[in-house]
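For the sequence shown, position 74 (counting from the first letter as 1) is numbered 112 according to the working numbering, and the numbering increases by one without interruption. Think of the CB as a built atom: it goes at the ideal place given N, C-alpha and C, for glycine as much as any other residue. Treat the numbers as computed from the prediction; the structure is a model and nothing was measured.
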Amino acid sequence: MIEELFRNIFRCEVPLPNNPLRALNSYVIKGEDENLIIDTGFNCKESQEAFIKNLIELQVDIPKSKVVITHLHSDHSGLAHLVFKRGGQIYMSRGDGAATKGLMKEDNWIAMKKQLEAFGQRVEGGFFDKHPGRLYAPNEDFDYTPIEEGETISIGDYKLEIIAVPGHTPHMINLYEPQHKIYFSGDHILNPITPNIGFWGFQYPVILNQYIHSLKKISSLDINLTLPSHRNVIRDHRGRIDELIAHHEIRLQEVENILREAERSMTVVEVAEGMSWKIPFDSWASFPPPQKSFALGEAMSHLEFLVYKNRATLKKEKGLLLFSV
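1) Contact check, Ile245 vs Pro184 under 8 angstroms by CB: the rounded distance?
2) State the beta-bridge partners of Leu359 as determined by DSSP.
3) Output needed for Trp147: all residues of its chain with C-beta closer than 6 angstroms, excluding positions within five of it in sequence on either side, in chain order.
4) Would you check if the distance between the CB atom of Pro58 and the CB atom of Pro170 is smaller than 8 angstroms?
5) Is it a yes or a no for the segment 47-66 touching the segment 258-274, going by three-plus beta-carbon pairs under 8 angstroms?
6) What residue range does the alpha helix (DSSP H) around Gln241 cover?
7) Quick check on the burial criterion: 16 or more other C-beta atoms within 10 angstroms. Buried or exposed for Ala192?
8) When we look at the beta-carbon of Arg49 and count the other beta-carbons within 10 Å, is it buried (16 or more) or exposed?
9) Tell me whether Glu144 is buried or exposed, calling it buried when 16 or more other Cβ atoms sit within 10 Å of its Cβ.
10) For the segment 42-113, which segments carrying the alpha helix (DSSP H) assignment without a break, of at least 4 residues, lie completely within its bounds, in sequence order?
11) Nearest-angstrom Cα distance between Leu110 and Val52?
12) Have a look at Leu265, Lys91, Ser223 and flag the residue whose alpha-carbon is nearest the alpha-carbon of Leu253.
13) Rounded to the nearest angstrom, how far is the Cβ of Phe237 from that of Met304, given a contact under 8 angstroms?
14) Can you find the residues in the same chain that come closer than 8 angstroms, C-beta to C-beta, to Ile40, ignoring five residues on each side of it along the sequence?
15) With a threshold of 7 angstroms, establish whether the CB of Asp179 neighbours any heavy atom of the ligand PLP.
16) Under the rule that 16 or more other beta-carbon atoms within 10 Å means buried, what is Arg289, buried or exposed?
17) Leaving aside the five residues before and after Ile250 along the sequence, list all residues of the same chain whose C-beta is less than 8 angstroms from its C-beta, in chain order.
18) According to DSSP, is Ser267 part of a helix, a strand, or is it coil?
19) Quick test of your reading: Val363 and Glu294, contact by CB under 8 angstroms. State the CB separation rounded to the nearest angstrom.
20) Relative to the C-alpha of Gly357, which residue among Val106, Pro326, Lys152, Glu215 is closest?
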């Protein structure tokens, strides 16, 4: 499905098979001599066919296009190698570009295994086999041009500013067009779903706090139209930001209550088991491995925030991270 949302700005739906997100909103801005494509879809047949079909319908040539990938997740970066092979010029933040390439390396999954085990999760056999970061990531190398906050990309009548919004990933970027007050929010601001804020390691301290700061940063911008990577267009970005911050405040209180009621030290897995999740599984044991991985990252990001605010304590014992109040 293709929909023109503003003059020469098109939302192009790309299916994400076997994924609760259902579809990616890839955006195309058409110029006279050059085009801009924002995000690509999974590295799979269904996403690739739709992505290419949308470009053909819009008469967009990849070699005459700049392609901005907002962040490393495979529903956004999965076809980066295809775009590169067909002559497109790829732009990513330096950090998320390197991390996207890292998805192809076994070291990435060894590190993730160690992290999950520190959370108290048993990781056996093919635990990561159906993880979208492994299943749908680029499987061939590609080059990209690093971009960072303060730089701009001009296409036709639009001059888009690059904005750094760490949180959903440590180095995610968004695009803002101040003249027309249009903001491409990637997975930073979504509606009605809530972006997953995971844990990326202690080298990215208190990532949930970074996310909240990034939300407040965007709240200050003059925006009429927010175009997210999933689900619905947002007309009131400040109202939606307030809802997202309130969601995390409720989540933090839930996690603190779990620790308080336990009256003992808890692993991240034990905390996650007690949290409420809006996914169609009856119990923690029935969560598929990818959902467990995402849920544990979210639980950990909230636990880390509580420690940062002196509302919880952390100790390490026999390779486990243990939290209490």
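On the basis of the supplied data:
1) The Cβ separation is near 21 angstroms, so there is no contact.
2) Partner(s): Lys354.
3) Phe166.
4) No, they are not a contact pair.
5) Enough Cβ pairs lie closer than 8 angstroms, so yes.
6) First-last for Gln241: undefined, no H or E at that position.
7) According to the sequence displayed, residue 192 carries Ser and not Ala. Per the 10 Å Cβ criterion, exposed.
8) Answer is buried; the Cβ neighbour count reaches 16.
9) By the 16-neighbour rule on beta-carbons within 10 angstroms, Glu144 is exposed.
10) The segment 42-113 contains, as complete alpha helix (DSSP H) runs of 4+ residues, the segments 83-95 (chain order).
11) Counting only the Cα atoms, Val52 lies some 17 angstroms from Leu110.
12) Closest by alpha carbon: Ser223.
13) Between Phe237 and Met304 the beta-carbon gap is near 16 angstroms, outside 8 angstroms, which marks them as no contact.
14) If we look at Ile40 and ignore the five residues flanking it on each side, its Cβ neighbours are Phe48, Arg49, Cys50, Glu51, Asn92, Glu95, Leu96.
15) Because no ligand of any kind appears in the structure shown, any question about the ligand PLP cannot be addressed here.
16) By the neighbour-count rule (16 or more Cβ atoms within 10 Å), Arg289 is buried.
17) Cβ contact annotation for Ile250 (same chain, cutoff 8 angstroms, sequence separation greater than five): Gly205, Ile283, His286, in chain order.
18) Ser267: coil per DSSP, three-state reduction.
19) Contact between Val363 and Glu294 is confirmed by a C-beta separation of about 6 angstroms, below the 8 angstroms threshold.
20) Of Val106, Pro326, Lys152, Glu215, the residue nearest in Cα terms is Lys152.
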